[in-house]
Amino acid sequence: MLALFCLMLSGTAGAAAYFFPVVVAGVGQTGQTVVVPPSRSPGSQATPAPSAAPGSPFTVLLLGSDDDGKNKSPLTQSMILIRVEPATKHVTMLSIPRDLWVPLSTGGSAKIDAAYAYGGAAAAIATVERNFHVHIDEYAWVGLKGLIKLIDRLGGVDLLITNPVLDDAYPDDIDTKFLYGYKRVAVLPGFQHLDGSHALQYVRSRHNDVNGDFGRSARQQQVLLAIKAKASTLNAADLPDIVDTLKGNFKTSMGLDRVRSLLGVAAAFDLANIKQVVLYVPLYTSYGQISGQSVILPHWSQILAVTKENFP
Amino acid sequence: MILRRVAVILFVPVMLAFGSGVYLYLGTLKSKVVQERPQLPTVTKPKFVLPGTMFVVQAGRLFKLEAGGFTEVGPAGDWSQPTLTPDHTRMVAVMRGGNSSDLYLLDLGGHILKRLTKDDSRFLDSNHWAFYPRISPDGANVVYSFDSPKNLKGVQEGVDLSVWSMPLNGAQSQARRWTDPYWYTGGDVTPIPLVSGGLLFVRHSIDPSTTVHSRIYYQSHALAIAKPLTTEADDCSQAALSPDGTQLAMVCSHGKQTATLEVAPFSGTTLGPARVLLDGGLYASPAWSPDGKALAYFAPQGQAGHFQLWWLALPVSPTTSPSAAGSASTSASARASSSLAPAPAPVQVTEGVDLSATSPPAWY
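Respectively, the protein sequence lines represent chains A and B. Per the working numbering, the very first residue in the first sequence carries number 1; after that it's consecutive. Per the working numbering, the very first residue in the second sequence carries number 1; after that it's consecutive.
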């Protein structure tokens, strides 16, 4: 009897050692608390609502930004609002243009990519909530290096590149000492298997796309779906590797329970049940100049109609 | 008492071994996508022996597939897109540098005979890309996609590929531009020089709803007006001309994230109704067998999604005349009118490798 107990104890110790990185990450990277500040922006509204109960629909704000030390407070290069409906297995993704000119929760108006720089995740959430009239339950932040490592850990992603993505001014700031250089990139068209760094080039390039940042937003959603397709094949035994991969490059307000349930949910979702929204010109937005900056001006009546429909 | 102590001392290693065993066992439960890493072709054995000799690329390395075995050829470098001369004695391939790419003439053993282009510069903006080389049927010229001229009229400098042609035994200064792409689309790619002196290529465009399209075009001579052979809705690309020049294989995505692999009769200037050979996969870079009776192509296999080489025997040749279909003919209705025996099931040739899907096989 004692021998059996000792064997169970040693087995539990072995399992605990295996999942130790997950526990460490659970403490350090998940369950991040954010305090959304009260509104200081005239004309904008907060939409307070209770957080989603387990199993009910919830909304995640996905943030992507530099993590290369170039800026102490990095701008977000990607903001995607994602609503997950576990019961109906529907997902809606809405990309928010980084140059969208909005009142910030921290005061004043600026491009929306500055919200995270000025006040971290809390300010980014508050700014999106107040301008888009949505409630955000969770957020997740991924750094550029984190995206590269995640895709590499997943063994790469399969994508259809519809046209050549060429850029003569692509930031050369990954794994280099000088963070302000540029390089040329060329991602060729066709179905192909991309590793992390090439997938990053695909989602980050924006200088030769006739659709500008909107084209980039569509590419980001495409890669997100490819990652989702790969993630749907993961299981609990993969968690230590994934956590180790994302160390320092990932933060989320979601607890481990919700992260784990998301993996399960990802496996069940069908591409046909995923709705993608990009706020293209001219219906939702228009191009403009404010204080010498090229900005994207929101058409709030159209935007709020689409957010009300998709993010009730 | 002593016996009990001995038993405890002996049991400790058992506990350690069991705990370690649990740790290691959990590691074996990892999914394939996390565990699986591609192998070099040279350490794998193809599952199917292809006729002739084929050159393919993995991770910037050139490999020759012959008699059911791979050998690596060529010097170190980031190689891609090998293409053969009509007499099958030499090949042209692309070598990428940091900010540019160049065309090189090599023998079939992979030894460099000549550097055809010099596209690198210490000034970033003065670098160029050269991709998709193809040798003209008479062996005199190499046509390729080249990012010049750069569009300086826009808000920011545009980089789009045009099709260029230069003498295979000449200099880059003798190169001349053939096509005029739509700006900010990425441009014109995968040129195929024809016996007639004309050209097939793929042009990218963006419609008013901001959707990107790819279409196969025919152009009779340099800078002439190009004629589309496929529709916007079909999104066809990656054309491959059969050895006798009468059929065109292509990949059409129809605005989706999967594609069809199709073959259509080609008159020299027009395409006939297309036959859909395969549907619903991620097909890439089809190439014709030397006898024109089969296709090789790339498609992912398994959870990891690495692209493998596949072989597909073709059904009986079509009887439909290309001239009956006219231009932009591969519409859905044209496809539906085709009534041929279904194509045999594709055969997987490689396993566990990660072949470059943007480098079509060079096969003779």
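Using N, Cα and C, we set each Cβ at its ideal position, and we do this for glycine too.
With a 10 Å radius around the Cβ and a threshold of 16 neighbouring Cβ atoms, Arg115(B) comes out exposed. Remark: three or more beta-carbon pairs, one from each stretch, lie closer than 8 Å, so the region 155–162 of chain A and the region 226–241 of chain A are flagged as touching.
The beta carbon of Ala226(B) sits closer than 6 Å to those of Tyr217, Gln219, all from its chain and outside the five residues before and after it, given in chain order. When the alpha-carbon of Tyr364(B) is set against those of Asp279(B), Ser242(B), Gln174(B), Leu106(B), the nearest one is in Ser242(B).
Partner residues in the beta bridge of Gln247(B), as assigned by DSSP, are Pro265(B).
Contact annotation: in the region 131–162 of chain A, residues whose CB is within less than 9 Å of a CB in chain B are Arg153, Leu154, Gly155, Gly156, Val157, Asp158, Leu159, Leu160, Ile161, Thr162. For Arg184(A), at least one C-beta of chain B is nearer than 8 Å to its own C-beta. Restricting attention to Tyr202(A), Tyr280(A), Ala169(A), the CA atom closest to the CA of Asn211(A) is found in Tyr280(A). DSSP places Ile174(A) outside any alpha helix (DSSP H), giving it a letter other than H or E. DSSP places Gln308(B) within a strand segment (E or B) once states are collapsed to three. In the DSSP assignment, the residues bridged to Gln293(A) are Ile290(A). Pairing Phe214(A) with Pro97(A) gives a Cβ-Cβ distance under 8 Å. For Ser197(A), same chain residues with a beta-carbon under 6 Å away, outside a window of 5 residues either side, are Ile148 in chain order.
Here Ser173(B) carries a helix assignment [DSSP, helix/strand/coil]. Three or more beta-carbon pairs separated by less than 8 Å are not found between the region 253–267 of chain B and the region 129–148 of chain A, which leaves the two stretches without contact. In chain order, Thr162, Asn163, Pro164, Pro189 make up the part of chain A whose C-beta sits under 8 Å from the C-beta of His204(B). In the structure shown, Phe55(B) adopts extended strand secondary structure according to DSSP, grouped into three states.
For Trp129(B), the nearest CB of chain A lies under 8 Å from its own CB, placing it at the interface with that chain. Under the Cβ criterion of 8 Å, Ala17(A) is counted among the residues facing chain B. Fully enclosed beta strand (DSSP E) runs of no fewer than 3 residues occupy 275–281, 284–288 of the region 264–295 of chain B, in order along the chain. Comparing C-alpha distances from Asp66(A) to each of Asp175(A), Ala186(A), Leu2(A) shows the shortest one belongs to Asp175(A). Distance from the CA atom of Ala284(B) to the CA atom of Val251(B), rounded to whole angstroms, is 7 Å. A distance below 8 Å separates the beta carbons of Pro133(B) and Val92(B). For Thr233(A), a Cβ of chain B is located within less than 8 Å of the residue's own Cβ. Chain B places a beta carbon closer than 8 Å to that of Ser10(A), counting this residue as a contact.
Contacts between His193(A) and chain B, judged by CB atoms closer than 7 Å, involve Pro300, Gly305, His306, Phe307, Asp354, Ala357 in chain order. Three or more Cβ pairs closer than 8 Å define a contact, and the region 115–129 of chain B meets that threshold against the region 167–187 of chain A. Interface residue (Cβ-Cβ distance to chain A less than 8 Å): Ala284(B) is classified as such. Considering only beta carbons, the part of the region 95–106 of chain B lying closer than 9 Å to chain A consists of Arg96, Gly98, Asn99, Ser100, Ser101, in chain order. With contacts defined by Cβ atoms closer than 8 Å, Leu94(A) and Thr127(A) do not form a contacting pair. In the structure shown, Asn235(A) adopts coil according to DSSP, grouped into three states. DSSP, read as helix, strand or coil, puts Val94(B) in strand. Counting the other Cβ atoms within 10 Å of the Cβ of Tyr297(B) gives 16 or more, which makes it buried. Nearest neighbour of Gly77(B) by Cα position, chosen from His88(B), Phe11(B), Val49(B), Phe63(B), turns out to be Phe63(B). Using a Cβ distance threshold of 8 Å, Ile290(A) and Phe132(A) do not count as a contacting pair.
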